[in-house]
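Numbering (the working numbering), first residue to last: 1026 to 1260. Right, one structure below, let's go through it.
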């Protein structure tokens, strides 16, 4: 059983840790609603979102930071001068926080690609320059998908389509759920053999930045018994 002294120590430790984390977040510019780019890997971003290219503060050392994209220096910033030099193409889209971290606002599909950040030390122990690479994949969020049912002779063909979104993947599930992976189908279309049980299907459209699910469609909409012809339904 913990005594009062132990409880006070634990609470004090937790408070100190929270204060340290808050300081790091504030200095690096990490704020809610911002996508933090990860050096050396691919970061997925939705159209319109804000991206942070983080720079960790290193004491009182003076640094010059440059962020480039497509061989264009988007912004150059000196910790001594404080005023960023922003390229005309990125005017009103770039903000710099105290540590030198760079915010780029209102990301667009054309902003996908490789970004290079150069960090040069001006004083202190004369550390060598550091170069970081960030690969951004800007994607349009998916819209709610629609299902088209094509009633064929003896089978039903279901197609799923989302009118918006890039790099979209589709999957299908039954209602009610069957409880195992065999009831999940991948791909934009699926062909179903009708059964005596009433079954509804819904499709999900997703990409790395969004996910949306259709309204369910009941396979009873199809007139399978008709001897010939095709019937299409969209929901």
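Using N, Cα and C, we set each Cβ at its ideal position, and we do this for glycine too.
Check	Outcome
Euclidean distance between Cα positions of residue 1117 and residue 1100	12 Å
Length of the line joining the Cα atoms of residue 1077 and residue 1225	43 Å
Residue 1157 in three-state terms, based on DSSP	strand
Rounded distance between the beta-carbons of residue 1069 and residue 1164, thought under 8 Å	6 Å
Cβ-Cβ distance between residue 1237 and residue 1153 below 9 Å	no
Status (buried if at least 16 other CB within 10 Å, exposed otherwise) for residue 1254	Here residue 1254 scores only 48 on pLDDT, less than 50, and its place in the model should not be relied on; the value that follows carries that caveat. Looking at its Cβ environment, which holds fewer than 16 other Cβ atoms inside 10 Å, residue 1254 is exposed.
Contacts around residue 1209, its chain only, beta-carbon distance under 8 Å, and the 5 residues preceding and following it disregarded	1196, 1197, 1198
Validate contact between the segment 1079–1093 and the segment 1174–1189 using beta carbons, cut 8 Å, 3 pairs	no
Residue 1240 (DSSP reduced to helix, strand or coil)	coil
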